[in-house]
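Asks: Counting in our numbering, the final residue of the sequence shown is number 1689, and the numbers go up one at a time with none missing. Sending over a structure as C-alpha cells; questions will come in a sec.
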Amino acid sequence: MALKGRNSSPRQLVIVLDFGAQYSQLIARRIRECKVYCEILPYDTPLKELLAREPVGIVFSGGPSSVYEENAPSCDPKLYEAGVPILGICYGMQLMAHQLGGGVAPGARREFGKTELDVLDSSDLFAGLNPELICWMSHGDAVQSPPPGFKVTARTMNSPVAAMSNARRKLYGVQFHPEVVHTPWGVETIRNFLYQACGCKGLWTMESFVQQATEWIREEVGDKSIICGLSGGIDSATVAALVHRAVGDQLTCIFVDHGLMRMDEGSKVRETFEEFFKMKLVYADSAERFLVRLDGVSDPELKRRIIGEEFIRVFEEESKRLPQVDYLAQGTLYPDVIESGTRSAAKIKTHHNVGGLPENMDFKLVEPLRNLFKDEVRALAEELGLPSDMVWRQPFPGPGLAIRILGEVTKERLEILRQADAVVVEEIKRAGMYRRVWQAFAVLAPIKSVGVMGDQRTYENTIVLRAVTSEDAMTADWARLPYEVLERISNRVINEVNGVNRVVFDISSKPPATIEWE
Ligand code: XMP
1172 MALKGRNSSP RQLVIVLDFG AQYSQLIARR IRECKVYCEI LPYDTPLKEL LAREPVGIVF
1232 SGGPSSVYEE NAPSCDPKLY EAGVPILGIC YGMQLMAHQL GGGVAPGARR EFGKTELDVL
1292 DSSDLFAGLN PELICWMSHG DAVQSPPPGF KVTARTMNSP VAAMSNARRK LYGVQFHPEV
1352 VHTPWGVETI RNFLYQACGC KGLWTMESFV QQATEWIREE VGDKSIICGL SGGIDSATVA
1412 ALVHRAVGDQ LTCIFVDHGL MRMDEGSKVR ETFEEFFKMK LVYADSAERF LVRLDGVSDP
1472 ELKRRIIGEE FIRVFEEESK RLPQVDYLAQ GTLYPDVIES GTRSAAKIKT HHNVGGLPEN
1532 MDFKLVEPLR NLFKDEVRAL AEELGLPSDM VWRQPFPGPG LAIRILGEVT KERLEILRQA
1592 DAVVVEEIKR AGMYRRVWQA FAVLAPIKSV GVMGDQRTYE NTIVLRAVTS EDAMTADWAR
1652 LPYEVLERIS NRVINEVNGV NRVVFDISSK PPATIEWE
C-alpha cells in the first residue's frame, strides 16, 4: 500500500482543475506561494469526488481546446451551484461563460503575448491594483458577452471581456494568464481570489507542514521500523530528516556509495546524518564493485542499467542485514505524481534515480513529500535544519560521474573528472553564480589532444565545461559565464589536474542538445 500524503495536507484545500494546460503546475505553484495548499486534478474528476475533498476554492486552468469543439473538455455544470468559489483562467473562463449562457467566439484577432489591460472594476480580483496593467495573453477564442448576472471587470483592445465576475455567486474569470511572470501582478489577482473570495487564511507554511507530516508519519509507522535510501541529493535527505524528526531511531538510513559521487559528497552525507543528526546510518562503500561491473562498458544506456541494477542489489543486501524492516521512506515529489501515467514524451534517456525503490521488496511505502514541489522541498529542508550547501546543491544524476565520463569508466578517469569538477564548482561559487546557474560541471571527453607544458609535448585529456541556466531541466540554455570565470576555471583545471591539457566550453542549448553528455 502506498501512503498518500493527503492525510498530511492542511484543511484548506484549493483544487486546480486541469483542462490540459501547459501552465497547470505553474498555477498550483503560485497558489502555494500565497501560502494556500492546492492540488491539481483532471477536469473529468467526478463532481462527487471533487466536492468530497471539501475545497474552499477551485481554479479552472487554461487548455488548448475550443469550447465549441466536439468532446471539448468540460465539467459538470452543477459545480457552479455547489457554492464553491471558482476562478476560470483562459479556456477555464471561456468554459464558464459558455456553460452559464454567455457568448464565446473566435476573437477578431488572436491575442498573444504582452497586452495592455484596462481594469473597469476593482472591487474583487483587481482590488488594490492599478487600473492600467500589462497582462500576458495567449488565446484564439474570446468571451464576447458575459453570462447573465456577470459584470465585465476588465477589457483589452481585442477582448471585450478580458475579465468577468459574479460576486454574489463567487464566480470569476480572466482571459489572461495571471500565473506567468509576464503578468507581473498576476499573483495579486490570484491572492485576491484566494483570500477574499475563498476566505483562505495562509495556513500552508513549511512549519505547519512539518507539524502535520510528523504527526501523520508517527501515526502510520507506529512502533515499526523504517528505512530510507540516501542518495546525497536533497529529496532523500529531506525525507530522512523529516522521518527522523517523527520517529527518531526507528529510522535507519542506507547510503550506497557507488564511488561515482562528486568530491567529498560521501563524507558530507556521513557528517550530516551520523554526526549532526545522530541518525542510524548504514554506509555501504561499494565503489569497487561498481567499477568491476562497469569494466569495459562505454554505452551510456548500458552504464545506466548496470548502475541501477547494482544499486538495487547493494540496497537489498544491506536492508536484509537489518533485523526487521516494515516501511521504506521515499522522496517522490508532486511533479512525478502528476505526471506518472500521463507522460507521453519520447524517451531520450533512461533516468535512473539511483536511490529509488527496489520494485519487489516487501515494504510499505511512505512518501511524505508527494504533495510538494521542488522549491517547497528546499524550504522544508531549511526548516528541518539541513546544511545549506546540501539544500542548494545543484542537481546530480543518479548514475553520477559515470555518465559524465564518455567512454570507459576507470578509477583514473574518475579521479581526473572528480578533481576537475571540484574546481568548476569552487570557481562558480566564488564568482557568486552557483545558485544562478542550474548546473555547472565538468565532463571528461573521450579525446586526447596535443599540448605543450614547459618544453615538453603533452598528449592528454580534454575537459568539457558545461554550464546551463534552466527553470526545470526540460529546456536549458548555455550559461553566459564571464570570460574571467572561464579563464580561471581553464587555468586551474589544466594546472591542478594531472592528465588534462585542454578545457573547452559547451555552448549548446537544450534542445537540441541535452544537459548531460550521455
Ligand atoms: P538531460 O541530460 O536529459 O538532463 O538534459 C536533465 C536533468 O536530469 C538529470 N539527469 C538525470 N538524473 N538520473 C537522474 O537522476 C539520470 O540518469 C539522469 N540523467 C540526467 C540531469 O543532470 C539534468 O538535471
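We put the beta carbon where it would ideally sit given N, CA and C, even for glycine. The structure displayed is predicted, hence computed values, not measured ones.
What's the gap between the Cα of T1216 and the Cα of L1266?
Replies: Start at 1 with the first residue of the sequence shown, and residue 1216 comes out as number 45. Start at 1 with the first residue of the sequence shown, and residue 1266 comes out as number 95. Roughly 16 Å separates the two Cα atoms.
Asks: Three Cβ pairs or more, each shorter than 8 Å: is that satisfied between the stretch 1351–1362 and the stretch 1298–1314?
Replies: yes
Asks: By a C-beta neighbour count over all protein chains shown, 10 Å radius and 16 as the cutoff for buried, is D1189 buried or exposed?
Replies: Mapped onto the sequence shown, residue 1189 falls at position 18. Buried.
Asks: Just curious, the beta strand (DSSP E) that Q1565 is in, first and last residue?
Replies: One-based indexing of the sequence shown puts residue 1565 at position 394. Q1565 -> no beta strand (DSSP E), and no H or E assigned at all.
Asks: At a cut-off of 7 Å, would you count E1687 as near the ligand XMP, judging by its Cβ distance to the nearest heavy atom?
Replies: Position 516 of the sequence shown, counted from the first residue, corresponds to residue 1687. Result yes, Cβ under 7 Å from the ligand XMP.
Asks: Who does M1328 pair with in a DSSP beta bridge?
Replies: Numbered from 1 along the sequence shown, position 157 holds the residue referred to as residue 1328. Answer by DSSP bridge pairing: none, since M1328 is not bridged.
Asks: Would you call L1493 buried or exposed, if buried means 16 or more other Cβ atoms sit within 10 Å of its Cβ?
Replies: Within the sequence shown, numbered from 1, the residue matching residue 1493 stands at position 322. Flag for L1493 reads exposed.
Asks: Please go through the stretch 1249–1334 and give each complete beta strand (DSSP E) segment of 3 or more residues, from N-terminal end onward.
Replies: Listed in chain order, they are 1257–1260, 1274–1290, 1303–1316, 1322–1326.
Asks: Which stretch, first to last residue, makes up the alpha helix (DSSP H) that contains M1377?
Replies: Position 206 of the sequence shown, counted from the start, is the residue given in the question as residue 1377. Residues 1377–1392.
Asks: Starting from P1349, trace the beta strand (DSSP E) in both directions and tell me its first and last residue.
Replies: As a working note, residue 1349 is residue 178 in the sequence shown. No beta strand (DSSP E) contains P1349, which DSSP labels as neither H nor E.
Asks: Does DSSP classify Q1132 as helix, strand or coil?
Replies: There is no way to answer for residue 1132, as the model of the chain reaches only from 1172 to 1689.
Asks: If I follow the unbroken beta strand (DSSP E) through N1632, where does it start and stop?
Replies: By one-based count along the sequence shown, residue 1632 stands at place 461. Start and end: 1627–1640.
Asks: For a test of your reading of the model: does the CB of R1549 fall under 7 Å from any non-hydrogen atom of the ligand XMP? Yes or no.
Replies: Here the question's residue 1549 lines up with position 378 in the sequence shown. The answer is no for R1549.
Asks: Which residue or residues does DSSP assign as beta-bridge partners of L1342?
Replies: Here residue 1342 is taken as the residue at index 171 of the sequence shown, counted from 1. BP columns for L1342 point to I1257, N1337.
Asks: Indicate the three-state DSSP secondary structure (helix, strand or coil) for Q1495 in the structure shown.
Replies: Within the sequence shown, the letter at position 324 stands for residue 1495. If DSSP states are grouped into helix, strand and coil, Q1495 belongs with coil.
Asks: Tell me where the alpha helix (DSSP H) around F1461 begins and ends.
Replies: As a first step, residue 1461 is located in the sequence shown; it is residue number 290 there, counting from the start. Its alpha helix (DSSP H) spans residues 1458–1465.
Asks: According to the neighbour-count rule (16 or more other Cβ atoms, all chains shown, within 10 Å of its Cβ), is F1444 buried or exposed?
Replies: Start at 1 with the first residue of the sequence shown, and residue 1444 comes out as number 273. Its Cβ being crowded by 16 or more others within 10 Å, F1444 is buried.
Asks: Is Q1610 near the ligand XMP - that is, is its Cβ less than 7 Å away from at least one heavy atom of it?
Replies: Taking the first residue of the sequence shown as position 1, residue 1610 is located at position 439. It does: the Cβ of Q1610 is within 7 Å (strictly closer) of some heavy atom of the ligand XMP.
Asks: Grouping DSSP H, G and I as helix and E and B as strand, with all else coil, what is N1662?
Replies: On the sequence shown, residue 1662 is found 491 positions in, with the first residue counted as 1. The three-state reading of DSSP puts N1662 in helix, counting H, G and I together.
Asks: Starting from N1363 and walking both ways along the alpha helix (DSSP H), at which residues does that stretch end?
Replies: Taking the sequence shown and counting its residues from 1, the one referred to as residue 1363 is at position 192. Residues 1357–1363.
Asks: Roughly how far, in whole angstroms, is the beta-carbon of L1551 from the beta-carbon of T1640, given that I think they are within contact range, below 8 Å?
Replies: Walking along the sequence shown from the start, residue 1551 turns up at place 380. Walking along the sequence shown from the start, residue 1640 turns up at place 469. The beta-carbon distance between L1551 and T1640, rounded to whole angstroms, is 25 Å. This is too long to meet the 8 Å contact definition.
Asks: Are the beta-carbon atoms belonging to E1579 and S1469 less than 8 Å from one another?
Replies: Counting from one through the sequence shown, the residue named residue 1579 turns up at place 408. Counting from one through the sequence shown, the residue named residue 1469 turns up at place 298. When the beta-carbon positions are compared, E1579 and S1469 come within less than 8 Å of each other.
Asks: Per DSSP, what kind of secondary structure is G1622 in: helix, strand or coil?
Replies: Residue 1622 sits at position 451 when you count from the first residue of the sequence shown. Reduced to three states, the DSSP call for G1622 is strand.
Asks: State the DSSP-derived secondary structure class of L1188, mapped to helix, strand or coil.
Replies: The residue labelled residue 1188 in the question sits at position 17 within the sequence shown. Strand.
Asks: Taking 7 Å as the cut-off, is the CB of R1681 close to at least one heavy atom of the ligand XMP?
Replies: By one-based count along the sequence shown, residue 1681 stands at place 510. It is worth fixing the name first, because residue 1681 is Lys in this sequence and not Arg. Yes, Cβ of K1681 sits closer than 7 Å to a heavy atom of the ligand XMP.
Asks: What's the gap between the Cα of S1237 and the Cα of A1455?
Replies: Stepping through the sequence shown from its first residue, residue 1237 is reached at position 66. Stepping through the sequence shown from its first residue, residue 1455 is reached at position 284. Their backbone Cα atoms lie some 56 Å apart in a straight line.
Asks: Between which two residues does the alpha helix (DSSP H) containing D1546 stretch?
Replies: Position 375 of the sequence shown holds residue 1546. 1545–1554 is the extent of the alpha helix (DSSP H) around D1546.
Asks: For R1475, is the beta carbon positioned less than 7 Å from some heavy atom of the ligand NAD?
Replies: This structure simply doesn't include the ligand NAD; it includes the ligand XMP instead.
Asks: Looking only at its chain, what residues have a beta carbon closer than 8 Å to the beta carbon of A1613, apart from the 5 residues adjacent to it on each side?
Replies: Mapped onto the sequence shown, residue 1613 falls at position 442. R1575, L1588, A1591, D1592, V1594, V1595, I1634, V1635, L1636, R1637, V1664.
Asks: Any heavy atom of the ligand XMP closer than 7 Å to the Cβ of G1311?
Replies: Counting from 1 along the sequence shown, the entry for residue 1311 is found at position 140. The answer is no for G1311.
Asks: Once DSSP output is grouped into helix, strand and coil, what is the label at Y1454?
Replies: Within the sequence shown, the letter at position 283 stands for residue 1454. If DSSP states are grouped into helix, strand and coil, Y1454 belongs with the strands.
Asks: Who are the near neighbours of E1667 in its chain, counting only those whose CB is closer than 8 Å to its CB and skipping five residues on each side?
Replies: Start at 1 with the first residue of the sequence shown, and residue 1667 comes out as number 496. Only Q1590, V1594 meet the Cβ criterion.
Asks: Taking the continuous alpha helix (DSSP H) assigned at E1220, which residues delimit it?
Replies: The residue you call residue 1220 lines up with position 49 of the sequence shown. Counting along the chain, the alpha helix (DSSP H) containing E1220 begins and ends at 1218–1223.
Asks: Classify N1632: buried if its beta carbon has 16 or more other beta carbons within 10 angstroms, exposed otherwise.
Replies: On the sequence shown, residue 1632 is found 461 positions in, with the first residue counted as 1. It is buried - the Cβ of N1632 has at least 16 other Cβ atoms within 10 Å.
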